[in-house]
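Heads up: the structure comes next, in structure tokens.
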Amino acid sequence: MNKAAFSGIRVLDMGQIYNGPYCGLLLALLGADVIKVEPPGGERLRYRSTDRIETHEFMMLNSNKRSIVVDLKSEAGRSLFRDLVCEVDVVIENFAPGAMERMGLPPASLLDLNARLIYASGKGYGNSGPYAHMSAMDITVQAMAGVIASTGFPDGPPTKTGPAFADIMGGVHLFGGVAAALYQREKTGRGQIVEVSMHDTIYPALASPLGAIFNNPSSTIPERTGNRHSGLAVAPYNVYRASDGHIAIMSVSERHASGVLMAVGGESLANDPRFADRASRIANIDALDAAVEEWTATLDRWTLVERLAEHGVPSAPVLTVREVADDRHLRERGMVRDVEHPVRGTIPVPGSAIRLEDSPVDAICAAPRLGADAAAVLQDLLRADDDRIAALIASGALGART
379 MNKAAFSGIR
389 VLDMGQIYNG
399 PYCGLLLALL
409 GADVIKVEPP
419 GGERLRYRST
429 DRIETHEFMM
439 LNSNKRSIVV
449 DLKSEAGRSL
459 FRDLVCEVDV
469 VIENFAPGAM
479 ERMGLPPASL
489 LDLNARLIYA
499 SGKGYGNSGP
509 YAHMSAMDIT
519 VQAMAGVIAS
529 TGFPDGPPTK
539 TGPAFADIMG
549 GVHLFGGVAA
559 ALYQREKTGR
569 GQIVEVSMHD
579 TIYPALASPL
589 GAIFNNPSST
599 IPERTGNRHS
609 GLAVAPYNVY
619 RASDGHIAIM
629 SVSERHASGV
639 LMAVGGESLA
649 NDPRFADRAS
659 RIANIDALDA
669 AVEEWTATLD
679 RWTLVERLAE
689 HGVPSAPVLT
699 VREVADDRHL
709 RERGMVRDVE
719 HPVRGTIPVP
729 GSAIRLEDSP
739 VDAICAAPRL
749 GADAAAVLQD
759 LLRADDDRIA
769 ALIASGALGA
779 RT
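Just so you know, the sequence shown maps onto residues 379 to 780 in the numbering used here.
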């Protein structure tokens, strides 16, 4: 078997919450040595109660990493961090704008120390532009990027997405930027700053609602269309009641639409002039959806999927989060993996959504306990002996294991 794609790449992951840590997780699962650099007490996602037990969210995003605690608010800690920077390939951070500068660690100064460094900066709105100064969380970026305005039903309030859409989109793009910069470094020998704005990453995902605006400038299509197509350009396209929940049905071609009509009502419905073509179906969308739901409500979700598949129609059951948590497809593909944690026991964590045939993801280890790998990291990167490690702990630069 070939070595993992990022074998030999060392990463200092200062990411917090979801954005930066997910970028680090993707690198770790593809073979990089990812060292999670945390402040005293741990990053904010690690503990969210008085119990010193890692949250499940933390466990999901920090597999296959090592942990070290460095106090970047102390000069001794900053000095240690600079020493570590000289020995790694990538630094990841998604702090608020200006945080690194306020700590005396501006990105340019780190590249001065290590000209081959890839400095990956995940920000809410980037480092330039009128919004750059604004603090950002997933929900605030969703608000600014049009996600909340376009999610929900026309007669309901704007609604955020359930998943942390902006955070994970930012993390994926940051990973892509790091991979591109590492590839470019092979040709130039130089590192660089990689910057990703969560806000930027959302705009392409607005293709359907933006299409409604620019394809039909005089259109009165509402910003929120519920489970219907965002641009109301396709029908049937909705989430319909089933006898045991709901099912999503999508028809993007005449063949799909004809298949739905045949499944629902046979030739009589397929030949109904109200549904003869796309424009007619859109004009009569309420009647169409009512006919479809009258049929779907009589059958369970998986039976509906089978019946629609017989007519070549894409559909899927609306699975609950509890159902997805142990989905057999995700488990068979290795996207859900069980790991053993010394406190939490056996828990499910994500595998890698990126599959490389020459280097499949092997074992996955549980997220590290806070500071658990400090001695090993300093020995590996700085060749530090026990006396130096003890001195760093005594100075407050290096946090002790918990």
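In this text, a Cβ means the ideal position worked out from N, Cα and C, and glycines have one as well.
Query                                                                                                                                             : Result
May I have the straight-line CA-CA distance separating R568 from G749, to the nearest angstrom?                                                   : 31 Å
Are the beta-carbon atoms belonging to V415 and L439 less than 8 Å from one another?                                                              : no
Using beta-carbon positions only, say whether I387 and A410 come within less than 8 Å of one another.                                             : yes
When DSSP builds the beta bridges, which residues end up paired with V415?                                                                        : I446
CB-CB under 7 Å to D449, same chain, minus the five flanking residues each way: which ones, in chain order?                                       : P417, P418, G455, G774, A775 and G777
For a minimum of 3 consecutive residues, which ranges assigned as the beta strand (DSSP E) are wholly contained in the region 650 to 720?         : 693 to 695 and 714 to 719
Taking the alpha-carbon positions, what's the P484 to D655 distance?                                                                              : 59 Å
If you count every other CB in all the chains shown that lies within 10 Å of the CB of K443, and 16 or more means buried, which is it?            : buried
Output the boundary residues of the beta strand (DSSP E) element that contains L390.                                                              : R388 to D391
Shortest alpha-carbon distance to R602 belongs to which of V572, F543 and I526?                                                                   : I526
Can you give me the C-alpha to C-alpha distance between N505 and S575, rounded to a whole angstrom?                                               : 8 Å
So, with DSSP's three-state summary, where would you put I517?                                                                                    : helix
Just checking my contact of V642 with V612 at CB under 8 Å: how many whole Å lie between their CB atoms?                                          : V642 to V612, Cβ: 16 Å. No contact.
Taking 8 Å as the threshold, find out whether the region 584 to 601 comes into contact with the region 614 to 626 through three or more Cβ pairs. : no
Whole angstroms is fine: what's the gap from V727's alpha carbon to P399's?                                                                       : 14 Å
Where does V638 fall in DSSP's three states?                                                                                                      : helix
Let me know the secondary structure DSSP gives V556 once reduced to three states.                                                                 : helix
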